[in-house]
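*Asks:*
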Amino acid sequence: MKPSGRGPSSASWLALGYALLVVYASLYPFGPWEWPAGLPWQQLLRLPWPKYWGQFDVWANALGYVPLGFLLFAAAWRASLPTWLAALLALLGPALLAYGLEVTQYLVAKRVPSLGDWVLNSSGGVLGAVLGVVASVSGLLGRWTLWRERGFQDRCAGALALLALWPLGLLFPPPLPLAQGQFLPAVVEFVHNLLAQTPWADWVPLLAGQRASPV
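If you read the sequence shown in our numbering, its first letter stands for residue 1, the second for the next number, and so on.
1. Measuring straight from C-alpha to C-alpha, what distance separates Ala90 and Trp84?
2. Give the DSSP-derived three-state secondary structure of Val112 in the structure shown.
3. What residue range is occupied by the uninterrupted alpha helix (DSSP H) comprising Ser10?
4. Drop a sphere of 10 angstroms on the beta-carbon of Tyr18, count the other beta-carbons inside from all chains shown, and report buried for 16 or more, exposed for fewer.
5. Would you kindly check if the distance between the Cβ of Leu44 and the Cβ of Val103 is under 8 Å?
6. Helix or strand or just coil, what does DSSP make of Trp53?
7. Our contact map puts Ala15 next to Ala75 with C-beta atoms below 8 Å; I'd like the distance itself, whole angstroms only.
8. Going by DSSP in three states, Trp118 sits in which element: helix, strand or coil?
9. By DSSP, does Trp166 sit in helix, in strand, or in coil?
10. Could you check how far apart the C-beta atoms of Leu63 and Gly125 are, in whole angstroms? I think they sit under 8 Å.
11. Can you check whether the CB of Ser114 is closer than 8 Å to the CB of Pro50?
12. Cα separation between Glu189 and Arg78?
13. Which same chain residues end up closer than 7 Å to Phe56 when comparing Cβ atoms and leaving out the 5 residues on each side of it in sequence?
14. Identify every residue that forms a DSSP beta bridge with Trp84.
15. By a C-beta neighbour count over all protein chains shown, 10 Å radius and 16 as the cutoff for buried, is Pro199 buried or exposed?
16. Do Gly132 and Leu68 have their beta-carbon atoms positioned less than 8 Å apart in this structure?
17. So what does DSSP say about Trp33, is it helix, strand or coil?
18. Comparing alpha-carbon positions, which option in Arg111, Val108, Ala98 lies nearest Asn61?
19. Between which two residues does the alpha helix (DSSP H) harbouring Leu220 extend?
20. Between the alpha carbons of Ala109 and Ser10, how many angstroms are there, rounded?
21. Which same chain residues end up closer than 7 Å to Pro29 when comparing Cβ atoms and leaving out the 5 residues on each side of it in sequence?
22. Assuming Leu107 contacts Val23 (C-beta within less than 8 Å), just tell me the rounded distance between them.
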């Protein structure tokens, strides 16, 4: 089934939000900013190969870009672009974003640019694009579009994206009046106390959550 093109897709907003999350994770702590000593500007566009590999870094860099590739494909497909063009955008988008962020890490003192990270990021984007093509060819995206158009009003893409992110936001909401409160650290602390003096006590890490506002 082809999308009806009645308005922007929630995948567009989710892709934008996920891209911003990738930028945040890649450039945190956002300083101190400085030009690397002795680095000519021509060298700035070249990424060095990493001297060592961490298992967590490998999996995080590879899998972290899979949702972005899938969401970019879904957003382009929902905009009635041909499948091949949607796949191309889903392939190039994560690769270009990853390259730009790796180059920018030259300027962040606490971050290390890496050609290996870019390869893994791009590979994750490729996998996400492939999953998007599979979902399109198998009809999953078409069935989702049909269900969405039958069950929701027009131009509710932003509301659907916000609804999809709402459960994630409950994990660490801000400690503000009328907010939901920091329930996750409290639950983890309860489980930790429940397993105290057992061999499994150390398996549950404590989370340092902020206290809710007294208001």
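Note that CB positions come from ideal geometry on N, CA and C, so glycine has one too. Treat the numbers as computed from the prediction; the structure is a model and nothing was measured.
*Replies:* With the given structure in hand:
1. Going by C-alpha positions, Ala90 is about 10 Å away from Trp84.
2. In the three-state scheme derived from DSSP, where H, G and I count as helix and E and B as strand, Val112 is classed as coil.
3. First-last of the alpha helix (DSSP H) with Ser10: 10-27.
4. By the C-beta density criterion, Tyr18 is buried, having at least 16 other C-beta atoms within 10 angstroms.
5. One thing to note: Val103 has its Cβ within 8 Å of the Cβ of Leu44.
6. It is coil, neither helix nor strand.
7. Indeed, because the Cβ distance is near 5 Å, the residues count as touching under 8 Å.
8. Note: Trp118 maps to helix in three-state DSSP.
9. Three-state result, Trp166: helix.
10. With 8 Å as the limit, Leu63 and Gly125 do not qualify as a contact, their Cβ atoms being about 11 Å apart.
11. Yes, these two residues count as a Cβ contact at 8 Å.
12. When only Cα atoms are considered, Glu189 and Arg78 end up about 43 Å apart.
13. Excluding positions up to five away in sequence, the list is empty.
14. According to DSSP, which records beta bridges pairwise, Trp84 is partnered with nothing at all.
15. Classification of Pro199: exposed, given that the 10 Å Cβ count is below 16.
16. No. Outside cutoff.
17. Assignment of Trp33 by DSSP, reduced to helix, strand and coil, places it in the strand class.
18. Closest option to Asn61, judged by alpha-carbon separation, among Arg111, Val108, Ala98: Ala98.
19. In this structure the chain extends from 1 to 215, so residue 220 is not present and cannot be described.
20. Counting only the Cα atoms, Ser10 lies some 36 Å from Ala109.
21. When the five nearest sequence neighbours on each side are left out, the beta carbons in the same chain lying within less than 7 Å of the beta carbon of Pro29 are those of Lys110, in order along the chain.
22. With a Cβ gap of about 14 Å, Leu107 and Val23 do not count as contacting.
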